[in-house]
Amino acid sequence: MTGIITDIIPFSVNDGPGIRTSVYFMGCPLRCRWCHNPETQYGHPHAMVRVDRCTHCGACTVCSSGARGPHGEYDASRCTGCGKCAAVCPEKACWICGREVTPDEILHQVLPDKPFFRRRGGVTLSGGEPMAQPEFALETAKLLCKNGIGVCMETCGHADWTSYEQMLPYVQSFLYDYKVSDPESHRQWTGTDNRRILANLRNLSSCGVDIVLRCPLIPGVNDTTDHFLGIAGLTEELQGIRRVEILPYHSLGNNKRVQLGLESENFCVPEKAEILRWQDELNSMCRVPVCL
Amino acid sequence: MKGYYAWDDQHLDDGLSVEFRYTETYKAYTGKDLSLRELKCLEIALPAAASPLQEGDLFVGRRVFRPLGIAPSYWDDDADGLDNVSFYADLARMTRVMNRPTQTRENRQAIAELIDFWKSENVNAKVRAGFDSVMRREMTSDLWSVDSGVIFGLYRLVFSQLDYDKLVRLGLGGLKKEVLARLEDDSLSGTQQSFLQSLASMIDLLLGILSTYEGQLRVLLKNGADPAWIQPMVDSLERIQAGAPACFRDALQLVWFYSAMTGGRDFGRMDVYLGDRYVKDLDSGRMTEEDAVELLLSFYRLMKETDSRDGRIVMGGLGRRNPGNADRVSLAVMKAGMRFRELKPEFSLRMYKGMSKEVRKMAYSMLENGMTYPLLFNDEASVCAVQKTMHVSPEESEQYGFFGCGEYVLGHRSIGTPNDIINLAKALEVTLHEGTDPVRGCPHGLNLGKPGDFDTFDKLFSAWKKQVAYFTQIAARHQKLVYNTVRENGSMLMMSLLMDDCIARALPLVSGGVRYLAGTYETYGNTTTADSLTAIREVVYEKKRLTLSELVQVLDSDFAGNEELRQILLNCPKFGNGDPVADGMAREVNTFVFETTASQAEIQGLSSYLVVMINNGANVDLGKNTLATADGRHGGTYLSNGNNPMAGMDHSGLPAMLRSLASTRMDLTAGTAQNLKLSKNLFSQHPDVVDDLIDTAFDLGILSLNVSVVDRGEMEDAMIHPEMHQNLFVRVGGFSARFVNLDPGTQADMLARALY
């Protein structure tokens, strides 16, 4: 069995407890406009293009998929990840993002760092969305557990419940994204409504697993009292939620969007004071600690 | 203290009256007993070195350094930066006094004669005069920071940790009793008797200086000085002249005074020798923690203003007789350090399983606040390593201390001064140039053949090993020569009094007195060399992209027109990424150097002779005279630092980097520097991760960690606006520095290192 990932990043300290290695799965059912890993949204390897290096020489039109235009144009959704453009680009402006790996290969890469995981750390399956490759995620988690490595999974919540259900024995903690409380607004910003996400969250909680509710806060999108009340309500209702983590918007994803041939987004990056105010407000409303 | 500088020429009168008296005495006693001559010189030098109390001081014993004297190491960092051992002579300072515009012709002539006399009479000069023909050929210069060469000699007896615990327990009077009791032995030779008598007289000399200080304080009181400030010092001086220190203040006073008079810089297990008195004073209500912190702050100020190097304080660890009390005083010692917020003292913490959580927390708090101290030691593993490398019992190895950049020494039992340095990358360079230093264009090292003769990698590697072995045996001979020359010129009385087993054996320090006469050897560019060999093996011998001769030409031209090749070399496996190929080569290179060095101990009659793979900024200076290397490094840029990846070459994450470091056989050395540059965010947001990181690093066998907690943006801004970042401390290697005071090369090295 193989899956598609973009990267394996050691010493990840922001994606679960302790020292962790994060594995970034490719493919995501959502299209959050603030996504900081837009290159993982596609379910297949594809090119990335540094436009500042591109001289529009046209060499990359060697590509037959129609993803590349003669003047540096790029449509990642049409890219097959064949790598021809990267091979011919004289400026080394193209490279292929994503690679096919087996769970064994992941284990092989992660295992040397196992001593650092100690009691708290381990591997975090992230992405993208691990549940976009449910069988691969399951096999990977099984293999890691078998080798004594704790697994956390970061998820957007938009997948079949059965996919989550089969992961339960192998995941110590779910880092569960909760983006927008209002279903229609959720659809507007992410491409889908949040009913399935909420249903899965409730199911997970009822199974007694540890959940960290991770809430990206985007000025002008979800920094509203209604959304905060929504978050607080979930922490009241669902005992599985151990804490809330605020993920304040940052603009690092924009550069990657440009490399994918997408328009950059113009959300406002919040000031530190604003972030602390959110944290205070949420802390006063939620049953569980709210962290940054 | 504003305007105070221990080496300032303003302490010197035009006539250099002290120096003339000192020299007359030296001449008068030359040819007589060495201990007696040293004593007589000390009787002139020490009272003149004892400078009066200054505003705010809570202890007497400000030290000035005069241009003539006796010290483990006289080192003026405003001059040439070289150490001077035993009977030293700062000819440059005397020349400055001679050339003062106010100077009389008679004085000039007399001082010129004085300079002429000491030019050949100082011990550094005598060591050089003792060079054999090979040393003269291979060690043409001592100016390692300026000149080109593979090895350089250093001249010092630095970093010995005196038995301050004994000093505090017995006091000067108690020590004198011990010396006099030993003198009753009828079997002692005349030389031994003279040595012990000189020790006893030296104690009288010290008591006399304390008495002079007491008199000066009483005059201050009489003249209206604040009694709340002066009287406690008067009382303390009375007590320590009469007996052993009775309280925390007395202990600090006596230790400071003795250290200043010795010219020593390391304070050993301060938690042990201060712990009992601290707890007694605190629990009896005689002193508050705040009082103790104030006293420590004054101690630190004296340390900072009297010397610019070292000042190591050791805390924690196995083998303490009073761990509870020691831990309590450690908290105050660190608290004062946090408030002092300077590069002194150099705090070090021996971390062991089951240690005080409070002490550990306080240590991390110091690091989080950007103090770069304490240096963290893996205690259990260090004890094992010291036991093995220094051939001592477990009980003795528990008493290890460390100095400088973290080199091991046995507290008050051994001397392990590093007196030679080697540039391993330069050793490869001269090997590739037929035994010639291409920078100086003169013969240097062994001519082991042309590059074309090395038709296999093994032949090249063997040639480099042969070259390193050749230089190492010269270095070991030099180390022994320094000891021999010191022995032939004096007794190092101040050190001998507080080093085992000088009194028991009735022998001076390096004349058979110290229990373990050891030596260490500083190696630089270890990783640069290993990575270069890895690249040569892959590019020249495996992939055959070019011949070794062609590669040497490319390196000699600093990759001019060959950037593509440089990139290929840069992309070869590098130490610091958990890569078995690169780490394997580094391990082989290092193990060879460690074992070759250790093998010299028996040949030279030393108890051990070990590598210290540390850093003091020499990686930058030595790099300036090292041509481009096959790891892709440009000529003139810094070499790798300690047991670390070449800056910027570790890109596989922190665990991989630490795994690489752990692959080095640190347990075959007397200390290696492992640098860890962590972000402030990690410390403040993820204390659990920091715990896991350090525990794991130690579980992997890493013996020590130099942790810097910095912010890259702050370093970048400090290069543009240095005036705004005076308090930005960074850990260069074994030592810490203000970032803004570092030379641009070292700043670049610091910036290039990976931040985790």
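Read top to bottom, the protein sequences are chains Y and E.
The opening residue of the first sequence carries number 2 in this note's numbering; numbering runs sequentially from there.
The opening residue of the second sequence carries number 5 in this note's numbering; numbering runs sequentially from there.
For every residue, glycine included, the Cβ atom is placed at its ideal position computed from N, Cα and C.
On a predicted model such as this, the values are computed, not experimentally measured, just so you know.
Residue i, buried or exposed, once every other Cβ within 10 Å from all chains shown has been counted against 16
| i | result |
| --- | --- |
| Asp-189 (chain E) | exposed |
| Met-375 (chain E) | buried |
| Leu-353 (chain E) | buried |
| Ile-724 (chain E) | exposed |
| Ala-88 (chain Y) | exposed |
| Met-2 (chain Y) | exposed |
| Leu-200 (chain E) | buried |
| His-72 (chain Y) | exposed |
| Trp-162 (chain Y) | exposed |
| Gly-636 (chain E) | buried |
| Lys-180 (chain Y) | buried |
| Glu-402 (chain E) | buried |
| Leu-230 (chain Y) | exposed |
Range covered by the alpha helix (DSSP H) that runs through residue i
| i | result |
| --- | --- |
| Ala-651 (chain E) | Per DSSP, Ala-651 (chain E) belongs to no alpha helix (DSSP H) and is neither H nor E. |
| Thr-191 (chain Y) | 184 to 191 |
| Tyr-165 (chain Y) | 162 to 168 |
| Arg-197 (chain Y) | 196 to 207 |
| Phe-461 (chain E) | 461 to 493 |
| Cys-576 (chain E) | Note, Cys-576 (chain E): premise wrong, no alpha helix (DSSP H); not H, not E. |
| Gly-254 (chain Y) | 253 to 260 |
| Thr-750 (chain E) | 748 to 756 |
C-alpha distance - residue i paired with residue j, whole-angstrom precision
| i | j | result |
| --- | --- | --- |
| Ser-164 (chain Y) | Met-132 (chain Y) | 7 angstroms |
| Gly-7 (chain E) | Pro-349 (chain E) | Unreliable positioning characterises Gly-7 (chain E) in this predicted model, as indicated by a pLDDT of 49, which lies under 50. The coordinate reading is nonetheless provided below. Roughly 21 angstroms separates the two Cα atoms. |
| Pro-11 (chain Y) | Met-650 (chain E) | 20 angstroms |
| Leu-631 (chain E) | Phe-407 (chain E) | 31 angstroms |
| Ala-389 (chain E) | Leu-218 (chain Y) | 52 angstroms |
| Ser-149 (chain E) | Trp-79 (chain E) | 15 angstroms |
| Arg-115 (chain Y) | Ser-611 (chain E) | First, the residue type needs correcting, since residue 115 (chain Y) is Lys and not Arg in the sequence shown. Taking the straight line from one Cα to the other gives about 40 angstroms. |
| Gly-453 (chain E) | Gly-582 (chain E) | 34 angstroms |
| Gly-627 (chain E) | Ile-572 (chain E) | 22 angstroms |
| Arg-197 (chain Y) | Arg-244 (chain Y) | 21 angstroms |
| Ser-466 (chain E) | His-109 (chain Y) | 35 angstroms |
| Thr-476 (chain E) | Asp-535 (chain E) | 21 angstroms |
| Met-5 (chain E) | Glu-309 (chain E) | With a pLDDT of 35 at Met-5 (chain E), under the threshold of 50, the predicted position of this residue should be treated as unreliable, though the coordinate-derived value follows. Roughly 7 angstroms between the two C-alpha positions. |
| Thr-29 (chain E) | Phe-687 (chain E) | 58 angstroms |
| Val-146 (chain Y) | Leu-147 (chain E) | Checking the sequence shown, residue 146 (chain Y) turns out to be Cys, not Val. Going by the C-alpha atoms only, they are around 58 angstroms apart. |
| Ser-252 (chain Y) | Val-413 (chain E) | 52 angstroms |
| Leu-86 (chain E) | Asp-239 (chain E) | 40 angstroms |
| Glu-298 (chain E) | Arg-54 (chain Y) | 60 angstroms |
| Ser-55 (chain E) | Ile-618 (chain E) | 35 angstroms |
Extent of the continuous beta strand (DSSP E) run through residue i
| i | result |
| --- | --- |
| Gly-320 (chain E) | 316 to 320 |
| Glu-411 (chain E) | 411 to 414 |
| Gly-523 (chain E) | 523 to 528 |
| Cys-146 (chain Y) | Counting along the chain, Cys-146 (chain Y) falls outside any beta strand (DSSP E), though it belongs to the alpha helix (DSSP H) covering 135 to 147. |
| Gly-123 (chain Y) | 123 to 127 |
| Ser-149 (chain E) | Segment: none, Ser-149 (chain E) is in no beta strand (DSSP E) and carries neither H nor E. |
message: As an exercise, report each continuous alpha helix (DSSP H) stretch of at least 4 residues that is fully enclosed by the region 230 to 286 of chain E, in chain order.
response: Note on the region 230 to 286 of chain E: whole alpha helix (DSSP H) runs with a minimum of 4 residues are 231 to 246, 252 to 266, in chain order.
Which residue spans inside the region 157 to 211 of chain E form an unbroken alpha helix (DSSP H) run of at least 4?
168 to 187
message: Beta carbons nearer than 7 angstroms to chain Y: which residues of the region 318 to 329 of chain E have them?
response: Against chain Y - using a Cβ distance shorter than 7 angstroms - the region 318 to 329 of chain E contributes no residues.
Notebook entry, point to check: Between the region 95 to 115 of chain Y and chain E, which residues of the former have a C-beta closer than 7 angstroms to a C-beta of the latter?
Noted result: Pro-113, Asp-114
- request: May I ask you to list, following chain order, the residues of the region 693 to 705 of chain E that have a beta carbon less than 8 angstroms from some beta carbon of chain Y?
  value: Per Cβ criterion, the list reads Val-693, Asp-696, Leu-697, Asp-699, Thr-700, Asp-703, Leu-704.
What residues in the region 245 to 275 of chain Y bring their beta carbon closer than 9 angstroms to a beta carbon of chain E? For the region 245 to 275 of chain Y, the beta-carbon criterion of a distance under 9 angstroms to any beta-carbon of chain E is satisfied by none of its residues.
Exercise for the section: Note down, one range per segment and in chain order, each beta strand (DSSP E) of at least 3 residues found wholly within the region 384 to 455 of chain E. Expected result: Counting whole runs of 3 or more residues, the region 384 to 455 of chain E contains the beta strand (DSSP E) stretches 404 to 407, 411 to 414, 422 to 427.
Can you list, in chain order, the stretches of the beta strand (DSSP E) that have 3 or more residues and sit fully within the region 68 to 109 of chain E? 72 to 78, 88 to 93
For this session: Check each residue of the region 116 to 132 of chain Y: if its Cβ is closer than 7 angstroms to any Cβ of chain E, include it; give the result in chain order.
Result: Pro-116, Phe-117, Arg-119, Arg-121, Gly-122
Unbroken alpha helix (DSSP H) runs of length 4 or more, entirely within the region 598 to 675 of chain E: which are they?
604 to 608, 622 to 628, 658 to 667
- Message: Which complete alpha helix (DSSP H) runs does the region 321 to 388 of chain E hold, if anything under 4 residues is left out?
- Response: 327 to 344, 361 to 372
Q.
Restricting to runs no shorter than 4 residues, where is the alpha helix (DSSP H) found entirely within the region 23 to 93 of chain Y?
A. 85 to 89
| Selection of the region 657 to 681 of chain E by Cβ proximity to chain Y, strictly under 7 angstroms | Cβ contacts with chain Y come from Gly-657, Leu-658, Pro-659, Ala-660, Arg-663.
Determine which residues of the region 145 to 160 of chain Y have a Cβ less than 9 angstroms from any Cβ of chain E, and write them out in chain order.
For the region 145 to 160 of chain Y, which is checked against every Cβ of chain E, not one residue is closer than 9 angstroms.
Which whole runs of the beta strand (DSSP E) in the region 681 to 723 of chain E are 3 residues long or more, in chain order? Runs found: 708 to 714.
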